[in-house]
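Structure, as structure tokens:
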Amino acid sequence: MQNIHNSPNADESSIPRNTLQLVKRMVSPYKGKTALFFILTALGILAWTASPLMVSNIVNELSAVHHVDEYVWWLVIIFTVLRVLDEVFWRVAEFVMRSFKPQMVESVRLNLFAATNKKPYSFFVNSSSGRIGHWINQTVETTNTLVDITIWTVWGRVIGLIISALFLLTVHWSVALLFAVWLITLFSFNIKRGKRFGHLVASQS
């Protein structure tokens, strides 16, 4: 396990000015593992999404031939393999994430401590140690929650929506296009709303 005190992030003593800079600094030392995690989860979601299609094909085939033939058995085997792969991909992805996520999140705390230590003497005179410590801990907890939501909720839904759009494309391109327009509109609305909320919080802080 990599020692967080020897992490490249531990030498960073400037506070990121925006979310993109923060994410880049956190992920930079773990690019390979991060990419592997997202690939594994994407494959797991793909396997999970394809499983119902196998069930649908099995039902359709049984309805057509009224007996279990070789094709049905192959569909059953494929369905079983997909379910196993779904579980394996997610378990391996979780193992990969646990191998570096604690160090990645802790690097935020080290970064904040390093940045705080560079503050002038007047900063510590006008700020209590408890308030500074609470601010650092609260920032780290928020970052940890953000990472969890991103990797376990947002990413899964994004991949699921993309796969759904591809499936709709096999039905008709116009249906897939309508679905894509709806997604873009929804994401744009949520991003604008999030920015407005951020400005509101900043103005009241």
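My numbering applies: residue 305 is where the sequence shown begins, and numbers increase by one.
Ideal placement from N, C-alpha and C gives every residue a C-beta, glycine not left out.
Every value quoted in this text rests on a predicted model; they were computed, and no experiment measured them.
_C-beta contact flag for residue 483 and residue 470 at 8 Å_ = no
request  = Just mark residue 423 as buried or exposed, buried being the case when its beta carbon has 16 or more other beta carbons within 10 Å.
outcome  = Label assigned to residue 423: exposed.
Problem set entry | Distance, residue 370 Cα to residue 397 Cα | 41 Å
Residue 307, buried or exposed, once every other Cβ within 10 Å from all chains shown has been counted against 16:
Note that residue 307 has pLDDT 45, beneath the 50 cutoff, so the model's placement of it is unreliable and the number below is only indicative. Result: exposed.
(Q) So within the region 405-473, which uninterrupted beta strand (DSSP E) runs reach at least 3 residues, ignoring any that extend past its ends? (A) Whole beta strand (DSSP E) segments, 3+ residues: zero.
When the Cα of residue 385 is compared with those of 415, 366 and 353, which residue comes out closest? Selected option, being the one with the closest Cα: 353.
ask   = First and last residue of the alpha helix (DSSP H) that includes residue 390?
value = 374-402
Next on the checklist: When you compare the CB positions of residue 394 and residue 457, do they come within less than 8 Å of one another, or not?
Outcome noted: no
**OP:** Would you check if there are 3 or more beta carbon pairs closer than 8 Å linking the region 330-342 to the region 404-414?
**Re:** yes
Distance, Cα to Cα, residue 435 vs residue 493? 35 Å
Suppose contacts are defined by Cβ-Cβ distances below 8 Å. Is residue 341 in contact with residue 400 by that definition?
A contact, by the Cβ cut-off of 8 Å.
- Query: What do you reckon, are the CB atoms on residue 355 and residue 383 nearer than 8 Å?
  - Reply: Their beta carbons are under 8 Å apart, which means residue 355 touches residue 383 by this criterion.
- Query: Rounded to whole angstroms, how far is the Cβ of residue 412 from the Cβ of residue 330, which I believe are closer than 8 Å?
  - Reply: 7 Å
Going by other Cβ atoms of all chains shown within 10 Å of its Cβ, with 16 needed for buried, is residue 379 buried or exposed? buried
Can you tell me the Cβ-Cβ gap for residue 465 and residue 487, rounded? I've got them flagged as a contact below 8 Å.
-> 6 Å
_So the candidates are 474, 495, 459 and 377; which of them puts its Cα closest to the Cα of residue 343?_
459
Review point. Under three-state DSSP, which class holds residue 489?
Key: In the structure shown, residue 489 sits in a helix (DSSP, three-state: H, G or I).
*Where residue 415 falls, given that 16 or more other Cβ within 10 Å makes a residue buried*: Classification of residue 415: buried, given that the 10 Å Cβ count is 16 or more.
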